[in-house]
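Asks:
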Amino acid sequence: MPPADMPMNARIPALALNNPGKGQIKKAVDADVKLMALAVAETPTLNDAQFKQQWIENFDTRPTVTTRQWGDVKFIDGKAVLTSTDVTPENTTVKGANDWQAAGLMVPPTGAAAGNGYGLYTIVARTDTEEAPGPFACLWPATDRWPGPELDIFEKASRNNSDGYSTIHFKSASGGDGYTVYRYPAGKINMSEFHEYSMEWAADHISLYIDKQLIYTTTVNVPKSYADGGENSAFGVGMKPDWAWAQQNGPTNILYVESMSYAAPVVVAPPPPPPPPPAISIGDATIAEGGQLQFTVTLDTASTTPVTVAYATTNGTADGADYTAVATTLTFAPGERSKTIVVDTTEDEVVEPNETLTVTLSAPTGATLADAEATGTITNDDVAPVVPGMRVADASGEEGT
Numbered sequence: 124m125p126p127a128d129m130p131m132n133a134r135i136p137a138l139a140l141n142n143p144g145k146g147q148i149k150k151a152v153d154a155d156v157k158l159m160a161l162a163v164a165e166t167p168t169l170n171d172a173q174f175k176q177q178w179i180e181n182f183d184t185r186p187t188v189t190t191r192q193w194g195d196v197k198f199i200d201g202k203a204v205l206t207s208t209d210v211t212p213e214n215t216t217v218k219g220a221n222d223w224q225a226a227g228l229m230v231p232p233t234g235a236a237a238g239n240g241y242g243l244y245t246i247v248a249r250t251d252t253e254e255a256p257g258p259f260a261c262l263w264p265a266t267d268r269w270p271g272p273e274l275d276i277f278e279k280a281s282r283n284n285s286d287g288y289s290t291i292h293f294k295s296a297s298g299g300d301g302y303t304v305y306r307y308p309a310g311k312i313n314m315s316e317f318h319e320y321s322m323e324w325a326a327d328h329i330s331l332y333i334d335k336q337l338i339y340t341t342t343v344n345v346p347k348s349y350a351d352g353g354e355n356s357a358f359g360v361g362m363k364p365d366w367a368w369a370q371q372n373g374p375t376n377i378l379y380v381e382s383m384s385y386a387a388p389v390v391v392a393p394p395p396p397p398p399p400p401p402a403i404s405i406g407d408a409t410i411a412e413g414g415q416l417q418f419t420v421t422l423d424t425a426s427t428t429p430v431t432v433a434y435a436t437t438n439g440t441a442d443g444a445d446y447t448a449v450a451t452t453l454t455f456a457p458g459e460r461s462k463t464i465v466v467d468t469t470e471d472e473v474v475e476p477n478e479t480l481t482v483t484l485s486a487p488t489g490a491t492l493a494d495a496e497a498t499g500t501i502t503n504d505d506v507a508p509v510v511p512g513m514r515v516a517d518a519s520g521e522e523g524t
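Under the working numbering, the first residue of the sequence shown carries the number 124, and numbering increases by one thereafter.
This is the structure we're talking about:
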């Protein structure tokens, strides 16, 4: 950067020539910041649909939200006109920092819950041509205590119309002011023309857009909102040239503001959780030998996608001579809730007790197993023959016919 022509050490040492290292200037090569030149076609653009406007000041009338005002503030032709004046007499050659009067307006910072939290803060403004350092737009700590989480949307580093920057201030470990400066892309933003400056403050990042084009985004030193245990911000704009009085080009410097607004993040309801998968059950079956055992397999709810389940028979008291073993896969088409497994049994002429086998379900897809095992009972239909001519002894021991 060219040598600074102002005593920047009084406010932003990071911008001074021979920076002493108190603050840092971030550029595109730094790992924690993405700095984009507007000439790059792939530059991301601001997605307004992610936010819902909560308030806007158009300055057609006196503001109703940015009601804390100081200095020379007028509302002319739908603009807030903030004028800073050098009150030093013309014949006075010695100037001091207090010779320039400040001016501004902001949301009143009356406590941690005042102002607004995460969201998009937008201001449309321009400076005077070759305006010296002094104009600013920032998110000020809602507690009105500084140093603290001050997020500067724009400031000027010199009289150069394109010498703008943004600063993230935070309370350092020692309790003092820590900050990081993010320079605008060199020569890209003429601050003496109206631009739309938007700062997105989110839980995990801060991004700056100018005319909806991304300038930088960072995840470092992002303050928490009041809802997250920190404090909100009071959106403000102003003129404060006294800290750089030596390079002012007075006797007046002016900042013109067309509008200021705040938009809250759109809270998108998470999609409802998917319904639980259907549960599969299988029922017992009974048939006389020679018939077909029919096991009903059901889903407790219909599925919109196919459901499969493997099944296989195993011997109980019945064996391979009593039935035909099966082992394959059952498929439910979407919407189907009931299927049948058929097991053929073998007819014989042996008088025997009822016999059983088991059908077991396994490896379901698209469903869970609620009842995975069923018993198949093969009932005996044979009767023992009666042998003719048999003699039966009576109670006296005599035989009869």
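C-beta atoms are modelled at their ideal positions from N, C-alpha and C, and glycine is treated no differently.
#1: Could you work out which residue in THR245, LEU205, THR266, PRO167 is closest to THR233 when comparing CA atoms only?
#2: To the nearest angstrom, how far is the alpha carbon of PRO231 from that of TRP178?
#3: Given a threshold of 16 other Cβ atoms within 10 Å of its Cβ, counted over all protein chains shown, does SER384 qualify as buried or as exposed?
#4: Under 7 Å Cβ to Cβ from ASP334, same chain only, skipping five residues before and after it: list those, please.
#5: Here's the rule: buried if 16 or more other CB atoms are within 10 angstroms of the residue's CB, otherwise exposed. What is THR187?
#6: Answer yes or no: do MET229 and ALA357 have a C-beta to C-beta separation smaller than 8 Å?
#7: With a CB to CB cut of under 7 Å and the five nearest residues on each side skipped, what residues in its chain are close to PHE455?
#8: With three or more C-beta pairs closer than 8 Å as the rule, is the region 167-175 touching the region 187-198?
#9: Is the CB-CB distance between LYS197 and VAL380 below 8 Å?
#10: Going along the chain, which residues of its own chain have a beta-carbon closer than 7 Å to the beta-carbon of PRO374, five neighbours each way excluded?
#11: Using 8 Å as the Cβ pair cut-off and three pairs as the minimum, do the region 239-257 and the region 403-419 touch?
#12: Going along the chain, which unbroken runs of the beta strand (DSSP E) with 3 or more residues stay wholly within the region 407-435?
#13: Please state whether DSSP places GLN370 in a helix, a strand or coil.
#14: Alpha carbon to alpha carbon, how far is GLY227 from ASP365? Give it in angstroms, no decimals.
#15: Output needed for TYR241: all residues of its chain with C-beta closer than 7 Å, excluding positions within five of it in sequence on either side, in chain order.
#16: Classify ILE199 as buried or exposed, calling it buried when 16 or more other Cβ atoms lie within 10 Å of its own Cβ.
#17: Use the C-beta contact count for ASN214: other C-beta atoms within 10 angstroms, 16 or more gives buried, fewer gives exposed.
#18: Any idea what DSSP makes of ALA203, helix, strand or coil?
#19: Do ASP251 and TRP368 have their C-beta atoms within less than 8 Å of each other?
#20: Between the alpha carbons of ALA402 and THR340, how many angstroms are there, rounded?
#21: Output needed for THR491: all residues of its chain with C-beta closer than 6 Å, excluding positions within five of it in sequence on either side, in chain order.
#22: Throw me the rounded Cβ distance for the ILE503 and PRO476 pair, which I believe falls under 8 Å.
#23: Need the endpoints of the beta strand (DSSP E) that ARG306 sits in, please.
#24: Please determine, among GLY287, PHE182, ALA497, SER485, the residue with the shortest C-alpha to C-alpha distance to LYS311.
#25: Smallest Cα separation from TYR307: which of SER315, SER295, SER289?
#26: Relative to the alpha-carbon of ASP407, which residue among GLU316, ALA225, ASP494 has its alpha-carbon at the smallest distance?
#27: Cutting at 6 Å between CB atoms, please list the residues of its own chain near SER404, excluding the five before and the five after it.
#28: With a CB to CB cut of under 6 Å and the five nearest residues on each side skipped, what residues in its chain are close to ASP467?
#29: DSSP on TYR339, reduced to helix/strand/coil?
Replies: So, from the listed chains and residues:
#1: Nearest option by C-alpha distance: THR266.
#2: Their backbone Cα atoms lie some 14 Å apart in a straight line.
#3: Here SER384 is buried. Its C-beta has 16 or more other C-beta atoms within 10 Å.
#4: Excluding sequence neighbours, ASP334 sits near HIS318, GLU319.
#5: Using a 10 angstroms sphere on the CB of THR187, the tally of other CB atoms stays under 16, which defines it as exposed.
#6: Closer than 8 Å, so yes.
#7: Result list for PHE455: LEU422, SER426, PRO429, VAL430, LYS462, in chain order.
#8: Segments in contact, no.
#9: Not closer than 8 Å, so no.
#10: Setting aside the 5 residues that flank it on each side, PRO374 is surrounded in the same chain by THR208, ASP209, each with a C-beta closer than 7 Å to its C-beta; the list follows chain order.
#11: Output reads no: the region 403-419 does not touch the region 239-257.
#12: Listed in chain order, they are 408-411, 415-422.
#13: Three-state result, GLN370: helix.
#14: The straight-line gap from Cα to Cα measures roughly 14 Å.
#15: Around TYR241, the same chain offers TRP324, ALA325, ALA326, SER348, PRO388 as residues with beta carbons nearer than 7 Å, after the five sequence neighbours per side are excluded.
#16: Within 10 angstroms of the beta-carbon of ILE199 lie fewer than 16 other beta-carbons, which makes it exposed.
#17: Low confidence applies here, because ASN214 scores a pLDDT of 46, under 50, leaving its location unreliable and the question unanswered by this model.
#18: The answer is strand: DSSP assigns ALA203 an E or B state.
#19: For ASP251 and TRP368, no; Cβs fall outside 8 Å.
#20: Roughly 48 Å between the two C-alpha positions.
#21: Shown here for THR491: same chain residues with a beta carbon closer than 6 Å to its own, the five before and five after excluded, namely PRO400, ALA402 in chain order.
#22: The residue asked about is misnamed: residue 503 is Asn in this sequence, not Ile. Correct: roughly 6 Å between the Cβ atoms.
#23: Segment 300-306, the beta strand (DSSP E) holding ARG306.
#24: Nearest option by C-alpha distance: GLY287.
#25: Looking at the Cα atoms, SER289 is the closest of the given residues.
#26: Comparing Cα positions, the closest option is ASP494.
#27: Spatial neighbours of SER404 in its own chain (CB-CB distance under 6 Å, excluding positions within 5 residues in sequence) are listed in chain order as THR421, ALA493, ASP494.
#28: So the list reads GLN415, THR447, once near-sequence residues are dropped.
#29: Collapsing the DSSP output to three states places TYR339 in a strand.
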